[in-house]
Amino acid sequence: MAKLRVGVLISGRGSNMAALIRAAEAADYPAEIACVVSNKPDAPGLALAAAANVPTVTVSHRDHPDREVFDRAVAAALERHGVEFVVLAGFMRIFSPWFPTRWAGRLINIHPSLLPAFKGLHVQRQALDAGVRLSGCTAHFVTLDLDSGPIIAQAAVPVVAGDTEETLSARILRQEHRLYPLVVRWFAEGRIAVDGEKVAVQGVPRGATLLFSPEA
Ligand code: GRF
């Protein structure tokens, strides 16, 4: 069967992108990374992608007069590479309504908190300040509202005494790298069904859409 052609949008480090590229290198993985698009020309993830022979494109938001014009240029780059499914991986631009509408049901994000808790920026700091005992990450569909689309899967980690923003972020990130390739696999296998705000992953027990790592 043809592999799902995935486009990954980044703005920086690109460790989630790298996890997806690694997963897609396996012969039995049902998706391939068709291209990586960055809005920042100096995003370190671009070099990682190029080293893995994945096509890269820079579409700088600075070269476009408004959000929708920028969004349309990103979509055009994705279309040129035959992308069918878009994955945000540390992409730090807010879309105009046009982009999530254009890719509705085919656009996902990973966020470093257990949504709906802690939206926006510095969410690990927010979690520490709130004194929660568990945090984690959430893979979700992207809709018009920031960090709010239907939740596909989550991974939970403990928050331990003495944690800093850095230690908690690193613990969550290790789970992001497990969760995101799994979610993209499910999508490529046609298992993901959305019903309003609820997502069912067919053939996968509901419990398997929550990973838990007790590692501190
Ligand atoms: C990750 O923590 C992700 O959850 C958030 O941005 C960060 C991106 O990291 N959306 P990387 O660029 O994938 O390393």
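Note that the working numbering has the sequence shown beginning at 4, numbered continuously upward.
The beta carbon of each residue, even a glycine, is placed where N, CA and C say it ideally should be.
Just so we're clear, the structure is a prediction, and the values are computed from it rather than from any experiment.
Tell me the residue span of the beta strand (DSSP E) that contains Q157. I154 to P161
Got a sec: does the ligand GRF put a non-hydrogen atom nearer than 7 Å to the Cβ of L176? yes
Which of the three DSSP states, helix, strand or coil, is assigned to R177? helix
Buried or exposed (CB count within 10 angstroms, at least 16 for buried), L149: exposed
Environment of K201 [buried if 16+ CB atoms lie within 10 Å]: exposed
Using 8 Å as the Cβ pair cut-off and three pairs as the minimum, do the region 115-123 and the region 145-164 touch? yes
Nearest neighbour of P115, chosen from E71, V86 and E168 [CA to CA]: E168
I need the DSSP call for V143, collapsed to helix, strand or coil. In the sequence as displayed, the identity of residue 143 is His instead of Val. Strand, per DSSP.
Among V57, I97 and P100, whose alpha-carbon lies nearest the alpha-carbon of V86? V57
On the DSSP bridge list, what partners appear for D198? K201
Which one of W189, G210, D198 and R209 has the shortest CA to CA distance from A26? W189
Starting from T34, follow its DSSP beta bridges and name the residues at the other end. A small fix is needed here, since residue 34 is Ala in this sequence, not Thr. In the DSSP output, where bridge partners are listed per residue, A34 has L7.
For the putative contact between G93 and R16, defined by C-beta atoms under 8 Å, what is the C-beta separation to the nearest angstrom? 6 Å
Kindly indicate which residue of S41, E28 and I24 has the alpha-carbon position closest to the one of S14. S41
With a threshold of 16 other CB atoms inside 10 Å of the CB of G139, please say whether the residue is buried or exposed. buried
One question on the structure: do I97 and A142 come within less than 8 Å of each other, judged by their Cβ atoms? no
Decide if A78 is buried, meaning its Cβ has at least 16 other Cβ atoms within 10 Å, or exposed. buried
Anticipated Cβ contact below 8 Å, V145 with L91, distance rounded: 7 Å
Would you please state the rounded distance, in angstroms, between the beta carbons of P184 and L23? I believe it to be under 8 Å. 6 Å
Do A130 and L182 come within 8 Å of each other at the CB atom, strictly closer than that value? no
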